[in-house]
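The structure appears right after this line, and notes come after that.
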Amino acid sequence: MIRPNRHYSLPLTSFLSVLLLLMISGCSTGTDNQASGTGTTPTAASAASDRDVTIRVGQTGWGNLELGLKAAGLDDTPYKVTYNVFQGGNLILEAMAANQLDFGVTSEIPPIFASQAANGGNFKIIAVQQGSTLNQEVVVPKGSSIKSVADLNGKKVAFVKNTTAHYFLLKMLEEAGLTWSDISPVELSTADGLSALISGKVDALASYGNAIISAHQNEATTLASAKDILSGSFLVAASDQALANEEQKKALVDYLERINKFNDWARANKDAWAQITADNTHQPVEQALKTYTDGEAQRPSRIVAISDEAIKSEQDVADTFQQAGIFEQAVDVSTFWSDALQDQLPAPGSQ
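According to the numbering used here, the sequence shown holds residues 5 to 355 in order.
Written out as structure tokens, the structure is:
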């Protein structure tokens, strides 16, 4: 059984950018393994060259990529990999903007905001991870008098800025005939939002992932689910520097292939993966298994090449924020998508 590896977790908040840089430099873990030979034996020079290549990976919530590749026997990379954990894709892209990461996966929302930075965010979207949209919800505490989204009028609602929670809360309010100004939005991290809900400091929480799982463990109930609002496209981002380096690009392609192989392994070993997930997210293994199987039934996890459909979906999200007055001008999302790895990734819909 794999136990939690806590020394790489980063309790970051988006307003402490200096702390972000310090924590990244001090809290990364890495692998430096030479791949087992499945083809021709590399020369000593090429092997040394491979080991000189590093990709810095950001993970969301917990160390699922690091632990997943290890469990599946896929962590034998011929290049170095360092890992850090962030509590949201927005924080991953903040680190990438500061050239502290080379790779990360986010929802559709953080890249739109990150692209507004002076350096364009220092990233490009190179692939799409198709995945589940479960555990993306607005929840209320046990015994709440709030029974519908319309009842949020005048209420304090915690949300995580520049994330899926920000987006689906906007969409839910719109569908209920409310606007952003009809609620009292409270911008908090996932952990702080959960704490505020449990302690009664807010009336509702819009969040995702482990925060929603923990909220339900504390008897919160679902007010509305975003499972049919979100597209299920999670965007794979790489730093501009990594894409400009041919050796790092090769490593990124290999790493993406390993993620797909891990996803295949997890589907074939769902009980083992549920145990690893439960150990690292502090939930019953039965719940972790149900969350995983339900998510895979909704939309199997897979990395695929970018598509016109995925870019259009991202543009629709950007337009929603612009129409809500969050951006003064329209955002052209095509400027931060790249086809640099297009010919080396599976096509959308392929198996």
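Every residue gets a Cβ at the ideal spot worked out from N, C-alpha and C, and that includes glycine.
Keep in mind the model is a prediction, meaning the values are calculated, not measured.
Report task. Please report the residue range of the alpha helix (DSSP H) in which residue 192 lies. Result -> From DSSP, residue 192 is part of no alpha helix (DSSP H); its letter is neither H nor E.
Report task. Use the C-beta contact count for residue 338: other C-beta atoms within 10 angstroms, 16 or more gives buried, fewer gives exposed. Result -> exposed
Query raised in the report: residue 146 by DSSP, collapsed to three states: which one?
Result: In this structure, DSSP gives residue 146 a state outside helix and strand, which the three-state scheme calls coil.
Query raised in the report: From the DSSP output, which residues share a beta bridge with residue 60?
Result: 86
Query raised in the report: DSSP beta-bridge partners for residue 242?
Result: 107, 128
Report task. Assign residue 364 to one of two classes, buried (16 or more other C-beta atoms within 10 Å of its C-beta) or exposed (fewer than that). Result -> With the chain running from 5 to 355 in the structure shown, residue 364 is simply not present.
Query - Given 8 Å, three or more beta-carbon pairs between the region 135-154 and the region 229-244 - result: yes
Report task. For residue 166, count neighbouring Cβ atoms within 10 angstroms of its own Cβ and tell me buried if that reaches 16, exposed if not. Result -> buried
Query raised in the report: Taking one C-beta from the region 276-294 and one from the region 123-130 each time, how about it: are there three or more such pairs within less than 8 Å?
Result: no
Query - Residue from 209, 203, 161 with nearest C-alpha to residue 186 - result: 161
Query raised in the report: Are the beta-carbon atoms of residue 75 and residue 266 separated by less than 9 Å?
Result: yes
Query raised in the report: Tell me, which residues are paired with residue 141 by DSSP?
Result: 211, 229
Query raised in the report: In chain order, what residues of the same chain have a beta carbon less than 8 Å from the beta carbon of residue 179, not counting five sequence neighbours either side?
Result: 153
Query - Euclidean distance between Cα positions of residue 220 and residue 269 - result: 29 Å
Query raised in the report: To which residues does DSSP link residue 307 through a beta bridge?
Result: 133
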